[in-house]
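Report on the following structure.
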Amino acid sequence: MTQSPPKPTSALSLPDLPGPDTPIRRLRHPGRWLSGIAVILLLAMIGRAFAVGQIQWPVVGEFLTAGVIITGFGWTLLISACALVLGVVLGFVFGIMRHSENPILRFAAWLYVWIFRGTPVLLQLLIWFNIALVFPRLYIPGLVDERMVDVVTPFVAAVLGLGVNEGSYLTEVVRGGIGSVDRGQKEAAHTLGMTPGQTMRRIILPQTLRLILPVLGNSAIGMLKFSSLAATIAMGEMLNAAQRIYFINGAVIELLFVCAVWYLAGTTVLSIGQYYLERYFGRDTAATTRDRRWFKGWARRPAVEGEV
Amino acid sequence: MSLAVKAVGIRKSFGSHEVLKGLDLEVAYGEVLCILGPSGSGKSTFLRCINHLETPNSGYVWIDGAIMGYALHRGALQELPIRQLRAQQSQLGMVFQHFNLFAHRTVLGNVIEGPMVVRGLSRAKAEARAMELLEQVGMAGKASSYPSQLSGGQKQRVAIARSLAMEPRVMLFDEPTSALDPELVGEVLEVMRNLARGGTTMIVVTHEIGFAREVADRVVVMIDGEIRETGAPGQVLSNPGDPRVRSFLSRVLA
Ligand SMILES: Nc1ncnc2c1ncn2[C@@H]1O[C@H](COP(=O)(O)OP(=O)(O)OP(=O)(O)O)[C@@H](O)[C@H]1O
Ligand SMILES: [Mg+2]
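In structure tokens form, the structure reads like this:
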């Protein structure tokens, strides 16, 4: 045979077979090295371009910890947290309603999803912010009687807009999660004498929670970013604060980079939290991951037999 | 012997398909009743009507002093609120073909769930009783495992312990061994045999003719939503009167 590398099936008679300790040479992967080097070069070029470009890095560093920016980031976190809580609550309420025996409740939940998932969140923010044009006064007998503009501040509008919108997505997620818990477990709970409420709380929702946890993590990350939309309704969160600074000092790109750093820091922390939460709630599945690394992109893919 | 369960004229249809055509059945305390019959004859539906997982279209089930799901009021059966129905359902233990263990709870968690939530036992009391029951079905060593870590036979034994923990008057079994690999059937039947010996009242839908012959006090054969034959296992299994029962038995005994 003149072929190289030799075919493994070429006639090999029994007496010629090598011993059990014959060394094994692994296949080389020159392609991986080449593509790796190419990517590193590309990253270096992009990095250099930004380093020598029209951007004053000292200004970025200076404003990174400026009081206005930190306060803005605080508002960003607060809006995101409140909106997420509101979204989760609405998601569970309407998600459970989607499974109600009562067709009117089912319809109401469907209507909610239809409206709030079907319109842009920026539009919803603007509508909440301007809701006083429709209802000049908020009047609930014996409870509230105020001018709407005093009630729906930019903060309230931001939380309502982002939370109600998020709730419409989570409704569908919760609905799917509830539907995926098999009917048998529900029946088993009934034969034990558990009421529908007890069955929902103790059997179905805990399992739903595990299923929707990855989605909740993504919601939290998305919410942190979407909260920047509140800058358009005069809410003094981080992006709005940055804008107000660069309208004065003209350091536009520097301040936008400052925001990028803080958003990245926030989403990174959330990703780590999500990883550990998922691991905690994944206890009861057989295929619990033993991998302790939260940054999955960096982690090696599982070794396949025969690979180096 | 006093009666534990009495089913009266149970009818059930799905759409236009009448699955149960007016079934009557009596089971006494301490009795083991096996229900046999071809696939699709309505055995599961009958069992599910007995504990009201399905609501019969007409007829009712009496369990020791009360009618399941209804109160007799001025000559009519007035439907009970769900909470009272559930209280009645908990007096009938149910073991399913597919175990239906709570996937997010450990073995022990599965067994204490009913006693704690429905009967209001303290965790300590519920756990002590649960460990006794797990001991009884040979699963005490796996108390902290999750269902996904168990074999089918082990799951079914846990499911039996979970039902027993509610101290039901009657245990219902719907083909408890049909979803099991053949080598795991024995361990579940052994647990059921022990229950029968201990005097537990049982209604067992099964394809295990050997088990019926050995353990049952009485055998019922259902065909097409009707009870066609009822009697002692020796008599029904070896010398059935009804020709359709004879042909069914000759098929399963072959
Ligand atoms: N929820 C339902 N909706 C519609 N039809 C049903 C439903 N449950 C059962 N049936 C029908 O009722 C008939 C009896 O079903 P059932 O499960 O009671 O039979 P079975 O005797 O338990 O059979 P097997 O031995 O296969 O378990 C079947 O024709 C089945 O298709
Ligand atoms: Mg069946």
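Going line by line, the protein sequences match chains V and F. Counting the first sequence from 1 gives a position; the numbering used here is that position plus 22. Counting the second sequence from 1 gives a position; the numbering used here is that position plus 474. Think of the CB as a built atom: it goes at the ideal place given N, C-alpha and C, for glycine as much as any other residue.
{"Item": "V/Q78 touches chain F at which residues, Cβ-Cβ below 9 Å?", "Value": "Residues of chain F passing the Cβ test: none, with the nearest at roughly 54 Å."}
{"Item": "Please return the same chain residues whose Cβ sits closer than 8 Å to the Cβ of V/D167, not counting the five positions on each side in sequence.", "Value": "R159, L160, Y161"}
{"Item": "Report the residue from V/L299, V/Y302, V/R266 whose alpha carbon sits nearest the alpha carbon of V/G94.", "Value": "V/R266"}
{"Item": "Kindly say whether F/V591, judged by its beta-carbon, lies nearer than 9 Å to any beta-carbon of chain V.", "Value": "yes"}
{"Item": "Just the Cα atoms here: how many angstroms apart are V/S35 and V/S57?", "Value": "41 Å"}
{"Item": "Using DSSP bridges, identify the partner residues of V/R169.", "Value": "V/R159"}
{"Item": "Looking at F/E587 and V/L214, is the spacing between their C-beta atoms short of 9 Å?", "Value": "yes"}
{"Item": "Going along chain V in order, which residues have a C-beta closer than 8 Å to the C-beta of F/S596?", "Value": "Correct list: empty, because the minimum Cβ distance to chain V is about 17 Å."}
{"Item": "Closest Cβ-Cβ distance between V/R312 and chain F: below 9 Å?", "Value": "Residue confidence for V/R312 is low, a pLDDT of 43 falling below 50, so the modelled location carries little weight and cannot support an answer."}
{"Item": "When every heavy atom of ligand 1 is checked, does at least one fall within less than 8 Å of the C-beta of F/P530?", "Value": "no"}
{"Item": "Between which two residues does the beta strand (DSSP E) holding F/A481 run?", "Value": "477-488"}
{"Item": "Would the beta-carbon of F/D731 be found less than 8 Å away from any heavy atom of ligand 2?", "Value": "Residue 731 of chain F is absent from the structure shown; chain F starts at 475 and stops at 728."}
{"Item": "Is there at least one Cβ from chain V nearer than 9 Å to F/I556's Cβ?", "Value": "yes"}
{"Item": "Secondary structure at F/E649, three-state DSSP: helix, strand or coil?", "Value": "coil"}
{"Item": "Taking F/T519 as the reference, give the member of F/E700, F/V644, F/V719, F/V726 with the closest Cα.", "Value": "F/E700"}
{"Item": "Short check: CB of F/G673 to CB of F/G504, under 9 Å?", "Value": "yes"}
{"Item": "Buried or exposed: where does F/Q562 fall if 16 or more other Cβ atoms within 10 Å of its Cβ makes it buried?", "Value": "buried"}
{"Item": "Can you check the segment 635-720 of chain F for any beta strand (DSSP E) of at least 3 residues that lies completely inside it and give the ranges in chain order?", "Value": "644-648, 675-679, 692-697, 700-705"}
{"Item": "Name, going along the chain, the residues of the segment 205-238 of chain V whose beta-carbon falls closer than 8 Å to a beta-carbon of chain F.", "Value": "G206, Q207, E209, A210, A211, H212, T213, L214, G215, M216, T217, P218, Q220, R224, I225, P228, Q229, R232"}
{"Item": "Quick one: what does DSSP say V/M119 is sitting in, helix, strand or coil?", "Value": "helix"}
{"Item": "Is the beta carbon of F/L575 less than 9 Å from the beta carbon of F/M645?", "Value": "no"}
{"Item": "If the cut is a Cβ gap below 9 Å, which residues of chain V does F/E587 touch?", "Value": "A211, L214, M216, R224, I225"}
{"Item": "Given this structure, state the Cα-to-Cα distance separating F/V501 from F/I541, to the nearest angstrom.", "Value": "15 Å"}
{"Item": "By Cβ distance below 7 Å, which residues in the same chain neighbour F/L607 in space, the five residues on each side in sequence not counted?", "Value": "V585, A635, L638, A639"}
{"Item": "For F/K629, count the other beta carbons within 10 Å of its own beta carbon; 16 or more makes it buried, fewer makes it exposed. Which is it?", "Value": "buried"}
{"Item": "Ligand 1 and F/L685: does any heavy atom of the ligand fall closer than 8 Å to the residue's C-beta?", "Value": "One point to set straight first is that residue 685 of chain F is Phe, not Leu, in the sequence displayed. F/F685: no, Cβ never under 8 Å from ligand 1."}
{"Item": "Exposed or buried, what is F/E703 when buried is set at 16 or more other beta-carbons lying within 10 Å of its beta-carbon?", "Value": "buried"}
{"Item": "Comparing the C-beta of F/F576 with each C-beta of chain V, is any distance below 9 Å?", "Value": "yes"}
{"Item": "So that I know if they touch, is there some Cβ in chain V lying closer than 9 Å to that of F/G567?", "Value": "yes"}
{"Item": "Please report the straight-line C-alpha distance between V/L148 and V/Y134, rounded to a whole angstrom.", "Value": "18 Å"}
{"Item": "Heavy atom of ligand 1 less than 8 Å from the Cβ of F/E649, yes or no?", "Value": "yes"}
{"Item": "With DSSP run on the structure shown, which of helix, strand or coil describes V/D43?", "Value": "coil"}
{"Item": "What does F/M640 touch in chain V if you count any residue whose Cβ is under 8 Å from its own?", "Value": "L214, G215"}
{"Item": "Within its chain, find whatever has a CB closer than 7 Å to the CB of F/A690; leave out the 5 residues flanking it on each side and keep chain order.", "Value": "V506, L507, C508, P707"}
{"Item": "Would you please verify whether the beta carbon of F/R643 is less than 9 Å from any beta carbon of chain V?", "Value": "no"}
{"Item": "Should F/S712 be counted as a contact of ligand 2 given a C-beta to heavy atom distance under 8 Å?", "Value": "no"}
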